[in-house]
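Novice: One structure is given below, represented as structure tokens, and several questions about it will come after.
There are 2 protein chains.
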Amino acid sequence: MPTIKDVARKAGVSVGTVSRVLAKNDTVKQPLQLRVQAAMKELEYKPNLAARALRTNSIDVIGLVVPDITNPFFAQLAKNIEMEAAKRSHSVMLANSHDDVETEKTQIAALLDRAVCGVIVVSTSDGSDLDTADVPVVSLDRRFGAYPLIATDHYDGSQKIADHLYELGHRRIAYIAGPLSMDVARRRREGFVSRIKMLSTAEDPIELSVHEGQFDYDSGEDIGRKILSETPVGKRPTAIAAASDQQAIGVLRCARDLKLDVPGDLSVAGFDDITLASLVVPRLTTLRQPIEALAASAVDQIFETKTSSDDKAIAGNVVKRESTAPR
Amino acid sequence: MPTIKDVARKAGVSVGTVSRVLAKNDTVKQPLQLRVQAAMKELEYKPNLAARALRTNSIDVIGLVVPDITNPFFAQLAKNIEMEAAKRSHSVMLANSHDDVETEKTQIAALLDRAVCGVIVVSTSDGSDLDTADVPVVSLDRRFGAYPLIATDHYDGSQKIADHLYELGHRRIAYIAGPLSMDVARRRREGFVSRIKMLSTAEDPIELSVHEGQFDYDSGEDIGRKILSETPVGKRPTAIAAASDQQAIGVLRCARDLKLDVPGDLSVAGFDDITLASLVVPRLTTLRQPIEALAASAVDQIFETKTSSDDKAIAGNVVKRESTAPR
DNA sequence: CTGAAAGCGCTTACAG
DNA sequence: CTGAAAGCGCTTACAG
Numbered sequence: 106m107p108t109i110k111d112v113a114r115k116a117g118v119s120v121g122t123v124s125r126v127l128a129k130n131d132t133v134k135q136p137l138q139l140r141v142q143a144a145m146k147e148l149e150y151k152p153n154l155a156a157r158a159l160r161t162n163s164i165d166v167i168g169l170v171v172p173d174i175t176n177p178f179f180a181q182l183a184k185n186i187e188m189e190a191a192k193r194s195h196s197v198m199l200a201n202s203h204d205d206v207e208t209e210k211t212q213i214a215a216l217l218d219r220a221v222c223g224v225i226v227v228s229t230s231d232g233s234d235l236d237t238a239d240v241p242v243v244s245l246d247r248r249f250g251a252y253p254l255i256a257t258d259h260y261d262g263s264q265k266i267a268d269h270l271y272e273l274g275h276r277r278i279a280y281i282a283g284p285l286s287m288d289v290a291r292r293r294r295e296g297f298v299s300r301i302k303m304l305s306t307a308e309d310p311i312e313l314s315v316h317e318g319q320f321d322y323d324s325g326e327d328i329g330r331k332i333l334s335e336t337p338v339g340k341r342p343t344a345i346a347a348a349s350d351q352q353a354i355g356v357l358r359c360a361r362d363l364k365l366d367v368p369g370d371l372s373v374a375g376f377d378d379i380t381l382a383s384l385v386v387p388r389l390t391t392l393r394q395p396i397e398a399l400a401a402s403a404v405d406q407i408f409e410t411k412t413s414s415d416d417k418a419i420a421g422n423v424v425k426r427e428s429t430a431p432r
Numbered sequence: 106m107p108t109i110k111d112v113a114r115k116a117g118v119s120v121g122t123v124s125r126v127l128a129k130n131d132t133v134k135q136p137l138q139l140r141v142q143a144a145m146k147e148l149e150y151k152p153n154l155a156a157r158a159l160r161t162n163s164i165d166v167i168g169l170v171v172p173d174i175t176n177p178f179f180a181q182l183a184k185n186i187e188m189e190a191a192k193r194s195h196s197v198m199l200a201n202s203h204d205d206v207e208t209e210k211t212q213i214a215a216l217l218d219r220a221v222c223g224v225i226v227v228s229t230s231d232g233s234d235l236d237t238a239d240v241p242v243v244s245l246d247r248r249f250g251a252y253p254l255i256a257t258d259h260y261d262g263s264q265k266i267a268d269h270l271y272e273l274g275h276r277r278i279a280y281i282a283g284p285l286s287m288d289v290a291r292r293r294r295e296g297f298v299s300r301i302k303m304l305s306t307a308e309d310p311i312e313l314s315v316h317e318g319q320f321d322y323d324s325g326e327d328i329g330r331k332i333l334s335e336t337p338v339g340k341r342p343t344a345i346a347a348a349s350d351q352q353a354i355g356v357l358r359c360a361r362d363l364k365l366d367v368p369g370d371l372s373v374a375g376f377d378d379i380t381l382a383s384l385v386v387p388r389l390t391t392l393r394q395p396i397e398a399l400a401a402s403a404v405d406q407i408f409e410t411k412t413s414s415d416d417k418a419i420a421g422n423v424v425k426r427e428s429t430a431p432r
């Protein structure tokens, strides 16, 4: 492996000069610059990253901590982060916290030890905090400590779903919320509910019932069954919006059990746009989280010089598929 | 940040000695060792990894290249590799090749530049090769160049599926293979076919038809339809084994369209055990790939001193669920 | 605009 | 068994 010394010798300059052209420092005059570059090419010189790291105390690597890379949403985030990082010729070091606060701490510490130039964390618990970090840290999707949070605009997204259902003519609607102990769940519900209230008028009233559950399939199925079977047929909602795709898919299941046609008898909308959403029958109308934009924004944040500590809420869009229709 | 010098001063020894206790070099006598450790603890000393890397020319990081982390199988692999690496206090640097040979090369080169201590690659094309690598490289799941391959024992797994169907009493069986240009597809098919041939006797013959397709849902659905609708009812297979879960789920779909009860009228088996396999109705019987063992073996291979260049085929097991039943 | 030189924090022969 | 010292390959004030 040739070193900077070899290049310097071959180009007939000092190592300092080579280092400067490496750093794209334009103080080096054109002719020298070219000579050095030629020498580098000829020797197939590649800088030793460890040496650079020792001097600068930082490497071209972004740390990423997710609860579980096996979760498709996090995997998509990871993929896009890796692509964004690659654009700036940075790599990413991946760590799973396995939904454990202690592991999360350890992983972040390990990343920091390796002198990464920043870390993006999809946190496992809202409360966790970090004592020391002299590099940028941003929380993504779920808040980590006091670090700025980049997330989907849940409020806005839910409003959009509400609008969609309203425009289709639905006036008897049920909303299945997530666990209201979670920030996301609250925001999504508030967006939906506030919008419906705004749209409801004395001449054209909307009936809305709100139900709280978990974010998973079973919860959606249970609550869906309750809503659909316990209400007198004439007063049954014509549309159900769920706070997650998993819940919505649960509703789809129970609708099938109850021999209700979706979207003929009932419109169903989800939130997230997980992979399964476009695989189920009927394919699910949902709010797609802006994964690319989330990733891009998180990476930008790492490179931002002035550390804006402001949260960023990124708007998603409704993906209209087969599970919703005019009433 | 305290350095090794600070520790040396505090413990009243030389930096060499500190370095030696750091390296768990037992040439340092007990009392000194304790003094040094005490000093390290007191100062909260953490070694500078970049400096170490510069000297040793290697960091405690394993490089991992996958075609696409968004693929659940690769995500699971990545997760388990990360866990195995963590056991040895190594981190993992993740890169996606996006199914592109050039990108794959670039990513591996980038990883090697960063002086990782080894790289695991789930390759995108069988043919690719690497010129230089002075650290261990292993291919996982899909062969990369001339490097040893660690993969599921596809042959054995398919035999197990064949056995399962045979034991359930099926004697008219269809097999949907993957694209035979792919090594995996060939192995799976050979395992299945050879086993069935072995089990078939003059007194108790087995009828087997083999069909080639892609590994995806649609291909399974198309071929399934052909098999089930074009054969006279009395001669219709009572079981279909597919070379992938996706194909098998396709078959499930078309069986539903054709009003065939699974497993009443037809048993269906897949291969892989993707997440969806246990979510579909009926839940799919399949061969679970030994993901943990694959990951563990790959990481082991990286740490192996003597680089065995032998391939390793790891056996998986049948997961019996609801899509197969006695005929 | 360029060179000479110090130094980042370790590890590891080499003495003793 | 331990210390003194060289050196890994860079970057970056400091001169000139």
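Heads up: the protein sequence lines correspond to chains A and B, in order. Here the first sequence is numbered in our numbering, starting from 106 and rising by one per residue. Here the second sequence is numbered in our numbering, starting from 106 and rising by one per residue. Glycine included, C-beta positions come from ideal geometry on N, C-alpha and C.
(1) Starting from lysine 302/B, trace the alpha helix (DSSP H) both ways and give me its first and last residue.
(2) If you draw a straight line from the alpha carbon of valine 118/B to that of glutamine 135/B, how long is it in whole angstroms?
(3) Proline 101/A touches chain B at which residues, Cβ-Cβ below 9 Å?
(4) Provide the residue span of the beta strand (DSSP E) that contains asparagine 422/B, from first to last.
(5) Mind checking glutamate 149/B: buried by the 16 CB within 10 Å criterion, or exposed?
(6) Just to confirm before moving on: does the CB-CB distance between isoleucine 345/B and isoleucine 332/B stay below 8 Å?
(7) I want to verify the contact list: residues of chain A whose CB lies under 9 Å from the CB of methionine 198/B, in sequence order.
(8) Please list, in chain order, all residues of the same chain as isoleucine 174/B whose beta carbon is under 8 Å from its beta carbon, the five residues on each side excluded.
(9) Which chain B residues are close to lysine 151/A, counting only those with a beta carbon under 8 Å from its beta carbon?
(10) From the DSSP secondary-structure annotation, give me the bridge partner or partners of threonine 391/A.
(11) Any beta carbon from chain B within less than 8 Å of glutamate 326/A's own beta carbon?
(12) Using DSSP with H/G/I as helix, E/B as strand and the rest coil, what is leucine 199/A?
(13) For threonine 211/A and alanine 282/B, what's the separation of their Cα atoms in angstroms?
(14) Is lysine 184/B close to chain A, meaning its C-beta is less than 8 Å from at least one C-beta of that chain?
(15) Following the continuous beta strand (DSSP E) through glutamate 94/A, name the residue where it begins and the one where it ends.
(16) Which residue from Val404/A, Arg432/A, Arg330/A puts its Cα closest to that of proline 253/A?
(17) Leucine 159/B touches chain A at which residues, Cβ-Cβ below 7 Å?
(18) Can you round the beta-carbon distance between valine 356/A and alanine 348/A to whole angstroms, since I take them to be within the 8 Å contact cut?
(19) Using a Cβ-Cβ cut-off of 6 Å (strictly less than) and excluding sequence neighbours within five positions of glycine 80/A, which residues of its own chain qualify?
(20) Can you give, in chain order, each stretch of the alpha helix (DSSP H) that sits fully within the stretch 198-263 of chain B and has at least 4 residues?
(21) Whose C-beta lies closer than 6 Å to the C-beta of serine 244/A among residues of the same chain, with five residues either side of it excluded?
(22) Since aspartate 377/A sits in a beta bridge, which residues does DSSP pair it with?
(23) Leaving out five residues before and five after proline 431/B in sequence, what residues of the same chain have Cβ atoms less than 8 Å from its Cβ?
(24) Could you tell me if threonine 306/A is buried or exposed, where buried requires 16 or more neighbouring beta carbons within 10 angstroms of its beta carbon?
(25) Along the chain, which unbroken stretches of the alpha helix (DSSP H) at least 4 residues long are found entirely within the stretch 319-346 of chain B?
(26) Using CA coordinates, which residue listed in Gly262/B, Leu304/B, Arg276/B, Arg277/B is at the minimum distance from arginine 294/B?
(27) Indicate the three-state DSSP secondary structure (helix, strand or coil) for isoleucine 164/A in the structure shown.
(28) Residues in its own chain within less than 6 Å of arginine 388/A by CB, not counting five upstream and five downstream?
(29) Going along chain B in order, which residues have a C-beta closer than 7 Å to the C-beta of alanine 215/A?
(30) Do leucine 217/A and alanine 238/A have their C-beta atoms within less than 8 Å of each other?
(31) Are the C-beta of glutamate 187/B and some C-beta of chain A separated by less than 8 Å?
(32) Quick check: serine 402/B and leucine 270/B, are their CB atoms within less than 8 Å of each other?
(33) Could you tell me how far apart the beta carbons of glutamine 351/A and aspartate 309/A are, in whole angstroms, since I believe they sit closer than 8 Å?
(34) Kindly indicate which three-state DSSP category lysine 110/A falls into: helix, strand or coil?
(35) Rounded to whole angstroms, what's the CA-CA distance from arginine 276/B to valine 338/A? Just pull it up for me.
(36) Roughly how many angstroms separate the alpha carbons of lysine 192/A and arginine 160/A, rounded to a whole number?
Specialist: Taking the structure as given:
(1) 288-304
(2) 13 Å
(3) There is simply no residue 101/A to check, as chain A begins at 106 and stops at 432 in what is shown.
(4) 422-424
(5) exposed
(6) yes
(7) Val166, Ser196, Val197, Met198, Leu199
(8) Ala180, Ala183, Leu199, Asn201
(9) Asp218
(10) Val424/A
(11) no
(12) strand
(13) 45 Å
(14) yes
(15) Any answer about residue 94/A is impossible in this case: the structure gives chain A only from 106 up to 432.
(16) Val404/A
(17) Ala155, Ala156, Leu159
(18) Contact flag wrong, Cβ pair sits at about 11 Å.
(19) This structure gives no information on residue 80/A, because the portion of chain A shown stretches from 106 to 432.
(20) 206-218
(21) Val226, Ser228, Tyr252, Leu254
(22) Arg393/A
(23) Leu273, Gly274
(24) exposed
(25) 322-335
(26) Gly262/B
(27) strand
(28) Arg426, Glu427
(29) Ser196
(30) yes
(31) yes
(32) no
(33) Their Cβ separation, rounded to whole angstroms, is 32 Å, which puts glutamine 351/A and aspartate 309/A out of contact at 8 Å.
(34) helix
(35) 49 Å
(36) 24 Å
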